[in-house]
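Student: Please find one structure pasted underneath; my questions will follow.
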Amino acid sequence: MKIHFWLFYLHQPSWRRPKGIDSRVRRKFKGCVLMPNIGYGSDKKTRHYLPNGFKKFVVHNVKDLELLMMHNRTYCAEIAHNISTRKRKEIVERAAQLDVVVTNKTARLRSQEDE
Numbered sequence: 262m263k264i265h266f267w268l269f270y271l272h273q274p275s276w277r278r279p280k281g282i283d284s285r286v287r288r289k290f291k292g293c294v295l296m297p298n299i300g301y302g303s304d305k306k307t308r309h310y311l312p313n314g315f316k317k318f319v320v321h322n323v324k325d326l327e328l329l330m331m332h333n334r335t336y337c338a339e340i341a342h343n344i345s346t347r348k349r350k351e352i353v354e355r356a357a358q359l360d361v362v363v364t365n366k367t368a369r370l371r372s373q374e375d376e
């Protein structure tokens with residue numbers, strides 16, 4: 262991997278093992294980029310869990326939200342980024358009825374300053 266790949270726009274950030282004879286990363290010098298190791302993985306019991314204790318499920322419409330009705334203690338909903346404000350309101354209202362946690366329920370909501 263290029264050590265400073267984020268400085269150059271054309272290089273992709275995918276990992277390549279450093280093989281150079283003088284590479285600081287390969288020799289694991291202090292302060293350099295860390296190499297991926299198996300020890301950095303998270304515990305199998307808590308893998309894919311969010312800090313709030315739920316697993317994330319991306320929701321695109323109200324029908325997707327119905328899938329979480331029986332699993333609302335394990336999974337939380339996250340509204341996809343390309344959903345309009347009107348549909349977001351519908352999804353948040355239905356989630357409140359089904360007692361499903363929505364992680365980004367305040368996104369794209371305007372304050373009611375007109376009234």
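Using the working numbering, the letters of the sequence shown map in sequence onto residues 262 to 376. All C-beta atoms, glycine included, are put in the ideal place defined by N, C-alpha and C. No experiment lies behind these values; they were computed from the predicted model shown.
1) Does E376 come out as helix, strand or coil in the three-state DSSP assignment?
2) Look at the alpha carbon of T346 and the alpha carbon of P274, and state the distance between them as a whole number of angstroms.
3) If the criterion is Cβ atoms closer than 8 Å, does the pair L326 and A357 meet it?
4) What are the uninterrupted segments assigned as beta strand (DSSP E) that are 3 or more residues long and contained completely in the segment 273-337, given in chain order?
5) What are the boundary residues of the alpha helix (DSSP H) that A357 is part of?
6) For R349, count neighbouring C-beta atoms within 10 Å of its own C-beta (all shown protein chains included) and say buried if the count is 16 or more, exposed if not.
7) Could you name the residues of the same chain whose beta carbon sits closer than 8 Å to that of V362, not counting the 5 residues immediately before and after it, in chain order?
8) Can you say whether E374 is buried or exposed, counting buried as having 16 or more other CB atoms within 10 angstroms of its CB?
9) Report the rounded CA-to-CA distance for K324 versus M296, giving the unit in angstroms.
10) How close, in whole Å, do the beta carbons of L311 and K305 come, if the pair is a contact with beta carbons under 8 Å?
11) Are V319 and I352 closer than 8 Å when you measure CB to CB?
Tutor: In this structure, then:
1) Reliability fails at E376, whose pLDDT of 48 lies under 50, so the model's placement of it is uncertain and the value that follows must be treated cautiously. In the structure shown, E376 sits in coil (DSSP, three-state: anything other than H, G, I, E or B).
2) 33 Å
3) No.
4) 316-320
5) T346 to L359
6) buried
7) N313, F315, N333, C337, A338 and A356
8) Below a pLDDT of 50, predicted positions are generally treated as unreliable, and E374, at 47, falls in that range; no measurement from the model is reported.
9) 42 Å
10) No, L311 and K305 are not in contact; Cβ-Cβ is about 16 Å, not under 8 Å.
11) The answer is no: Cβ separation not under 8 Å.
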